[in-house]
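To start, the structure itself, in structure tokens.
Quick look at the structure:
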């Protein structure tokens with residue numbers, strides 16, 4: 076009997092030892108070499124650095140697949156951007172690591188109100204929100220999807236590969252570091268909102284201040300009241316657009332309840348959750364949680380009216396009526412002159428330029444340009460740089476090692 080017990084204990088200890096060895100981050104990555112070979116092939120040739128990998132604690136790692144990394148394989152713009160700024164490497168890596176352990180079963184099952192997850196990316200050169208930049212994630216129809224900057228999406232191909240410090244999910248695309256408010260508006264085709272912020276002189280403020288929430292009317296919403304706002308003065312327009320801005324607070328849909336919040340203009344907006352919809356005064360939020368480097372943008376179907384803050388929504392209508400008396404459309408969408416239109420983009424494209432937008436006050440009516448803030452570009456970074464080898468790939472790997480060993484936490 077004693078012999079059987081000793082044998083059982085020995086087998087149990089051996090099993091536990093095997094389990095511990097197999098649950099390191101390095102072994103989990105290697106076990107999925109068919110999907111992660113772009114990364115693992117480089118790691119295999121760097122044994123000294125590979126040996127430095129240590130278990131991180133309470134994190135979730137998103138590992139882009141070979142397909143995701145190969146999309147960026149020949150992207151010279153990405154390599155040039157990263158070569159000129161080592162901080163981009165760190166920011167990219169940390170944006171793919173969540174604070175806390177998030178198993179696939181933990182994510183929201185609502186397509187309208189996803190889980191908002193905090194990442195380790197908190198470098199103020201690239202983000203200006205408290206605690207770390209966010210990623211949205213939800214579980215819909217059995218699939219996990221993550222949304223990052225520029226409304227780019229990445230889906231989990233395989234998930235819940237646990238290691239001693241947390242869990243790993245293999246994703247089919249890289250995440251995009253969020254741009255500033257102006258670029259976020261342009262990328263979402265909210266050109267009228269961007270133009271209105273420019274003409275009201277608020278661009279610098281919304282791009283540079285921390286903790287910003289924007290309720291951005293759609294182009295159709297602006298056009299619906301084009302005749303009403305056509306003759307507004309700069310100060311009147313500034314008051315109107317300030318009513319669409321919350322300063323000092325980033326409000327995601329997961330936090331929205333029936334509540335009133337004070338805008339930067341001074342008056343309150345009333346958030347209502349009714350019949351499965353979210354409304355700001357009477358305007359319906361038609362697309363939510365567009366991440367910016369200093370906050371979030373929610374798209375509304377109408378322009379908010381600070382003189383009509385008690386306007387009530389009609390949840391039975393897919394599009395709400397304008398909140399302005401005598402609202403009439405015009406022949407063209409207001410405030411869009413001189414504002415660049417969005418261009419088709421994909422995760423294989425890096426946008427490394429910073430756009431300056433016209434503000435009032437300069438010669439010729441253009442008024443000069445608002446200063447660009449650090450990290451205002453929407454740039455995609457790829458671990459496929461490993462495949463390039465050489466000193467650049469080595470440098471990127473060092474970033475991974477430092478991150479996973481806790482050196483970048």
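Numbering (the numbering used here), first residue to last: 76 to 484. C-beta: ideal position from N, C-alpha, C; glycine also.
Exercise for review: Report yes if the CB atom of residue 405 is closer than 8 Å to the CB atom of residue 305, and no otherwise.
Suggested key: Locating residue 405 in the chain shown gives position 330, where the first residue counts as 1. Locating residue 305 in the chain shown gives position 230, where the first residue counts as 1. Cβ atoms of residue 405 and residue 305: closer than 8 Å.
Exercise for review: Give, in chain order, every unbroken run of the alpha helix (DSSP H) that is at least 4 residues long and sits entirely within the stretch 306 to 380.
Suggested key: 309 to 317
Check your understanding: Touching or not, the stretch 197 to 212 and the stretch 377 to 392, by the rule of three or more beta carbon pairs under 8 Å?
Key -> no
Exercise for review: State the CB to CB distance for the pair residue 240 and residue 365, rounded to an integer number of angstroms; the pair is presumed to be in contact (CB under 8 Å).
Suggested key: Your numbering for residue 240 matches position 165 in the chain shown. Your numbering for residue 365 matches position 290 in the chain shown. Actually they do not touch by this definition, with Cβ atoms about 31 Å apart.
**Study point:** Where the beta strand (DSSP E) through residue 236 begins and ends
**Key:** Position 161 of the chain shown, counted from the start, is the residue given in the question as residue 236. Run containing residue 236: 228 to 238, per the beta strand (DSSP E) assignment.
**Study point:** N-terminal and C-terminal residue of the beta strand (DSSP E) that residue 223 is part of
**Key:** Within the chain shown, the letter at position 148 stands for residue 223. Careful: residue 223 lies outside any beta strand (DSSP E) and carries neither H nor E.
Check your understanding: Taking Cβ positions, are residue 251 and residue 224 nearer each other than 8 Å?
Key -> Along the chain shown, one-based indexing puts residue 251 at 176. Along the chain shown, one-based indexing puts residue 224 at 149. Yes. Within cutoff.
Check your understanding: Looking at the unbroken beta strand (DSSP E) that takes in residue 137, where does it start and where does it end?
Key -> Stepping through the chain shown from its first residue, residue 137 is reached at position 62. That run of the beta strand (DSSP E) goes 134 to 139.
Check your understanding: Closest to residue 137 by CA distance: which of 105, 172, 327 is it?
Key -> As a position in the chain shown, residue 137 is number 62, starting the count at 1. Looking at the Cα atoms, 172 is the closest of the given residues.
Review point. Do residue 267 and residue 411 have their C-beta atoms closer together than 8 Å?
Key: The residue labelled residue 267 in the question sits at position 192 within the chain shown. The residue labelled residue 411 in the question sits at position 336 within the chain shown. Their beta carbons are under 8 Å apart, which means residue 267 touches residue 411 by this criterion.
Review point. What is the DSSP secondary structure of residue 216, counted as helix, strand or coil?
Key: Position 141 of the chain shown holds residue 216. In the structure shown, residue 216 sits in coil (DSSP, three-state: anything other than H, G, I, E or B).
Check your understanding: Can you tell me the Cα-Cα spacing of residue 375 and residue 284, whole angstroms?
Key -> Here residue 375 refers to the residue found at position 300 of the chain shown. Here residue 284 refers to the residue found at position 209 of the chain shown. Approximately 22 Å between the Cα atoms of the pair.
Exercise for review: Please name the residue or residues paired with residue 211 in a DSSP beta bridge.
Suggested key: As a working mapping, residue 211 is identified with position 136 in the chain shown. In DSSP, residue 211 forms a bridge with 191, 222.
Check your understanding: For residue 361, which residues from the same chain have a beta carbon less than 6 Å from its beta carbon, with the 5 sequence-adjacent residues on both sides left out?
Key -> By 1-based counting over the chain shown, the position of residue 361 is 286. Around residue 361: 374, 376.
Practice item. To the nearest angstrom, report how far apart residue 348 and residue 356 are at their CA atoms. Key: Position 273 of the chain shown holds residue 348. Position 281 of the chain shown holds residue 356. Their backbone Cα atoms lie some 11 Å apart in a straight line.
Check your understanding: What are the start and end residues of each continuous beta strand (DSSP E) run of 3 or more residues lying completely inside the stretch 154 to 188, in chain order?
Key -> 172 to 174
Practice item. Could you say if the stretch 309 to 318 and the stretch 334 to 342 meet the contact criterion of at least three C-beta pairs nearer than 8 Å? Key: Here the stretch 309 to 318 lies against the stretch 334 to 342, with 3 or more beta-carbon pairs under 8 Å apart.
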